[in-house]
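Step one of this worksheet: look at the structure below.
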Amino acid sequence: MMSSLFSSFDPTTIFNSQLNWMVIMITLVLIPLNYWIILSPLHTLWNTLQLLIHQELKKLLAYKYMGSTLMMVTLFMIILLNNLMGLFPYVFTSTSHATLPMIMSFPLWLSFMLFGWLKTTNKKFTHLVPEGTPSYLMPFTVLVETLSNIIRPGAITLRLMTNMTAGHFLITLLGNNFPTLDKLFLPVMVLMQSMLIMFETMVSYIQAYVFTILIGLYFEE
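Note that the sequence shown covers residues -9 to 211 in the working numbering.
Written out as structure tokens, the structure reads:
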């Protein structure tokens, strides 16, 4: 029973290959804009989301770093599409594994750290010791701040992974009860399942937004 609940998070197919990871590539063909003569509602929603994320990132990033919003918006769309793809039946949820979030978060975090230390070295040193810290606490403060910076990519990876795994686990657990359910309770179960899927859809948007904003905050610092 428990193995079947977690089978949806298994990247290995019945042929012992890793083809489930190919779902990441499927998202590239979901929005064939070149085939639309008139803008579709999906295209309108897509542009609206991009504009909203761009406006939020403009508040975080300095004016001279405005070009970085394109990278952040792209990151948001990649995570969002992979989150939503996992809601479809028999589709592997790539963001429920640490691999994909870590691949996206660690290189960005590392590049931001290198850029910051090389370009604004003094500012980086001042961040290690908050203003007003007593001299006897400075070594401990530097250690804590350094550790907090190091664990950042792992922290946002764990946040995204656990939230996506928990929601999909509940959907799977609820769906496995359908075959043994009495017909009297079937409408209630369908309603609960529908509400849970709607909730997971909102969580997919929120987690993609939080992941992107946190990356933007790391860059701004």
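The beta-carbon is built from N, C-alpha and C at its ideal position, and this holds for glycine as well.
Rank the options by C-alpha distance to the C-alpha of residue i and give the top, closest one.
i: T89; options: I146, F78 and K49; result: I146
i: V212; options: I141, S84, G165 and L42; result: Nothing can be reported for residue 212, as the shown portion of the chain is limited to -9 through 211.
i: Q194; options: V132, L171 and G157; result: Looking at the sequence provided, one finds Ser at residue 194 rather than Gln. Of the candidates V132, L171 and G157, the one whose C-alpha sits nearest the C-alpha of S194 is G157.
i: A198; options: P124, L71 and K173; result: L71
i: I69; options: F105, M154, L137 and L207; result: M154
For residue i and residue j, what's the separation of their Cα atoms in angstroms?
i: N37; j: T202; result: 17 Å
i: N73; j: M192; result: 10 Å
i: L176; j: T162; result: 16 Å
i: M(-8); j: P129; result: Bear in mind that the predicted position of M(-8) carries a pLDDT of just 46, short of 50, making it too unreliable to give a figure here.
i: L100; j: F209; result: 10 Å
i: F168; j: T116; result: 58 Å
i: L65; j: L77; result: 19 Å
i: E211; j: K113; result: 9 Å
i: L118; j: P97; result: 22 Å
i: L204; j: T110; result: 20 Å
i: K49; j: T170; result: 52 Å
i: S243; j: P143; result: The structure shown does not extend to residue 243, since the chain is modelled only from -9 to 211, so the question has no answer here.
i: S125; j: V132; result: 11 Å
So, with DSSP's three-state summary, where would you put residue i?
i: H158; result: helix
i: T89; result: helix
i: M(-8); result: Any reading at M(-8) needs caution, since the residue's pLDDT is 46, under 50, leaving its predicted position unreliable; the model's value is listed next. In the structure shown, M(-8) sits in a helix (DSSP, three-state: H, G or I).
i: I141; result: coil
i: L81; result: The question names Leu, yet the displayed sequence has Val at residue 81. If DSSP states are grouped into helix, strand and coil, V81 belongs with coil.
i: T116; result: helix
i: T147; result: helix
i: L171; result: coil
Excluding five sequence neighbours on each side, which residues of the same chain lie with their C-beta closer than 8 Å to the C-beta of residue i?
i: M151; result: T85, S86, H87, A88 and P91
i: M103; result: N139
i: I187; result: L77 and I161
Give me, in chain order, the residues of the same chain whose beta-carbon lies closer than 6 Å to that of residue i; leave out the 5 immediate sequence neighbours on both sides.
i: T59; result: H44 and L47
Closer than 8 Å: is that where the CB of residue i sits relative to any heavy atom of the ligand GTP?
i: P97; result: For the ligand GTP, the structure offers nothing, since it holds no ligand at all.
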